[in-house]
Amino acid sequence: MEREILIIQQVVGVFRLYGIRSLSLEEIAKLINLTSHTLRKYFRTKELLLLKCVTYRISQEEIFNNADECLPDIMVDFVEVYPELCGKLSRRCCLEIKKYYHDVFHFLDNFLDSYAVACRDKVEDAIVNGYVRPTVSPHLVYTFFSKHWSNLFMPDACSFSLSESLEITKRIQAFTRGIVTIKGQIYINEKLKNRSYNEAD
Numbered sequence: 010m011e012r013e014i015l016i017i018q019q020v021v022g023v024f025r026l027y028g029i030r031s032l033s034l035e036e037i038a039k040l041i042n043l044t045s046h047t048l049r050k051y052f053r054t055k056e057l058l059l060l061k062c063v064t065y066r067i068s069q070e071e072i073f074n075n076a077d078e079c080l081p082d083i084m085v086d087f088v089e090v091y092p093e094l095c096g097k098l099s100r101r102c103c104l105e106i107k108k109y110y111h112d113v114f115h116f117l118d119n120f121l122d123s124y125a126v127a128c129r130d131k132v133e134d135a136i137v138n139g140y141v142r143p144t145v146s147p148h149l150v151y152t153f154f155s156k157h158w159s160n161l162f163m164p165d166a167c168s169f170s171l172s173e174s175l176e177i178t179k180r181i182q183a184f185t186r187g188i189v190t191i192k193g194q195i196y197i198n199e200k201l202k203n204r205s206y207n208e209a210d
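Start counting at 1 in the sequence shown, then tack on 9, and there's your number in the numbering used here.
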């Protein structure tokens with residue numbers, strides 16, 4: 010299992026550098042100093058290897074591991090991690106997955122949609138607890154998250170620039186301010202303050 014994870018980590022780097030579609034399984038093996046036979050022992054096809062790489066990347070992102078928290082906590086995670094995640098991703102790879110690797114894209118699309126649904130389902134509790142305005146609809150929150158995930162697959166740029174990441178951060182912050190109550194804003198500010206203290210330690 011450790012060998013498999015090491016291979017996946019190396020292949021993620023290769024995909025980021027060279028893209029996905031242009032590389033055969035044999036070429037990938039050569040780039041990570043393995044024989045084609047050894048790589049096929051772990052991953053019979055390139056699509057299976059790609060699916061494992063996508064699953065691994067998802068498991069490494071804290072934003073997905075914290076989806077069970079309350080909506081204000083999720084918003085704090087999202088505003089901090091999503092722009093950074095965009096910076097890590099190769100949009101070229103995202104577009105290649107969407108266009109050429111349908112099973113992998115279907116898996117990824119379902120996973121990201123389930124994240125948006127989980128956030129949508131937290132709206133009512135957040136309203137009851139006084140963190141979110143009563144006028145906020147679950148559909149509004151679902152659309153917000155769903156739109157941001159779909160933006161990863163838009164062909165308007167080859168990669169996410171620093172200025173684009175800053176603009177994304179501003180949009181998320183503006184949306185968050187628009188849906189939370191004063192109590193929710195205080196809660197979020199406290200969470201951010203505690204995080205900055207922990208980072209300083």
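Glycine included, every Cβ here is placed at the ideal spot set by N, Cα and C.
Bear in mind that the values here come from a model prediction, so they are computed numbers and not experimental data.
**Request:** Identify, in the order they occur along the chain, each residue of the same chain with its Cβ nearer than 7 Å to the Cβ of valine 113, setting aside the five sequence neighbours on each side.
**Result:** One-based indexing of the sequence shown puts residue 113 at position 104. Closer than 7 Å at the Cβ level, and outside the excluded window around valine 113, lie Glu56, Leu59, Leu60, Val63, Ile106.
**Item:** Cβ-Cβ separation, tyrosine 124 to alanine 76 (assumed contact under 8 Å), whole Å
**Value:** Your numbering for residue 76 matches position 67 in the sequence shown. Your numbering for residue 124 matches position 115 in the sequence shown. In this structure alanine 76 is in contact with tyrosine 124, their Cβ atoms being roughly 6 Å apart against a cut-off of 8 Å.
**Prompt:** Would you call glycine 193 buried or exposed, if buried means 16 or more other Cβ atoms sit within 10 Å of its Cβ?
**Reply:** Here residue 193 corresponds to residue number 184 of the sequence shown, with the count starting at 1. The residue in question, glycine 193, is buried, as its Cβ has 16 or more Cβ neighbours within 10 Å.
**Message:** Please report the distance separating the alpha-carbon of isoleucine 181 from that of arginine 204.
**Reply:** Position 172 of the sequence shown, counted from the first residue, corresponds to residue 181. Position 195 of the sequence shown, counted from the first residue, corresponds to residue 204. Going from the Cα of isoleucine 181 to the Cα of arginine 204 covers about 18 Å.
**Prompt:** From glutamate 89 to lysine 179, what does the alpha carbon distance come to, in whole angstroms?
**Reply:** Here residue 89 corresponds to residue number 80 of the sequence shown, with the count starting at 1. Here residue 179 corresponds to residue number 170 of the sequence shown, with the count starting at 1. Spanning the two alpha carbons is a distance of roughly 11 Å.
**Message:** Could you tell me the alpha carbon to alpha carbon distance between glutamate 11 and alanine 183, rounded to whole angstroms?
**Reply:** Residue 11 sits at position 2 when you count from the first residue of the sequence shown. Residue 183 sits at position 174 when you count from the first residue of the sequence shown. About 42 Å.
**Item:** Among Glu13, Arg66, Thr144, the one whose alpha carbon lies nearest that of cysteine 102
**Value:** Here residue 102 refers to the residue found at position 93 when the sequence shown is read from its first residue. The shortest CA-to-CA distance from cysteine 102 to any of Glu13, Arg66, Thr144 is the one to Arg66.
**Asked** Bridge partners of valine 132, per DSSP?
**Response** For the purposes of this step, residue 132 is taken as the residue at position 123 of the sequence shown. Bridge partners of valine 132: none, in fact.
**Inter-residue CB distance, phenylalanine 154 and cysteine 128 (contact presumed, cutoff 8 Å)** = Locating residue 154 in the sequence shown gives position 145, counting from the first residue. Locating residue 128 in the sequence shown gives position 119, counting from the first residue. 5 Å between Cβ atoms; contact.
**Request:** Whole angstroms is fine: what's the gap from valine 132's alpha carbon to isoleucine 197's?
**Result:** The residue you call residue 132 lines up with position 123 of the sequence shown. The residue you call residue 197 lines up with position 188 of the sequence shown. Between valine 132 and isoleucine 197, the C-alpha separation is close to 15 Å.
**Asked** In three-state terms, what does DSSP make of valine 189?
**Response** On the sequence shown, residue 189 is found 180 positions in, with the first residue counted as 1. Here valine 189 sits in strand by DSSP.
**Request:** Check each candidate in Ile16, Lys97, Lys156 and name the one with the smallest Cα separation from aspartate 118.
**Result:** Translated into positions along the sequence shown, residue 118 becomes position 109. Out of Ile16, Lys97, Lys156, Lys156 has the C-alpha closest to the C-alpha of aspartate 118.
**Request:** Measure from the alpha carbon of leucine 121 to the alpha carbon of each residue in Ser68, Val20, Leu15, then state which is nearest.
**Result:** Stepping through the sequence shown from its first residue, residue 121 is reached at position 112. The shortest Cα separation from leucine 121 among Ser68, Val20, Leu15 belongs to Ser68.
**Asked** Which class does valine 126 belong to by DSSP, given the choice of helix, strand or coil?
**Response** On the sequence shown, position 117 is the one that residue 126 refers to. Residue state, collapsed to three classes: helix.
**Message:** Beta-carbon within less than 7 Å of valine 141's beta-carbon, same chain only, minus the 5 sequence neighbours each way: which residues are those?
**Reply:** Within the sequence shown, residue 141 is the residue found at index 132, counting from 1. Within the same chain, Leu80, Val132, Ala135, Ile188, Val189, Thr190, Gly193 come within 7 Å of valine 141 by CB-CB distance, once the 5 residues on both sides are set aside.
**Asked** tyrosine 109 to serine 172, Cα distance in whole Å?
**Response** The residue given as residue 109 occupies position 100 in the sequence shown. The residue given as residue 172 occupies position 163 in the sequence shown. Distance between the alpha carbons of tyrosine 109 and serine 172 is about 29 Å.
**Asked** Who pairs with valine 141 in a beta bridge, going by DSSP?
**Response** By one-based count along the sequence shown, residue 141 stands at place 132. DSSP, once it has assigned bridges, lists Val189 as partnering valine 141.
**Asked** Thinking just about the alpha-carbon of each residue, which of Cys95, Gln19, Lys202 is nearest to the one in serine 159?
**Response** Translated into the one-based positions of the sequence shown, residue 159 becomes position 150. It is Cys95.
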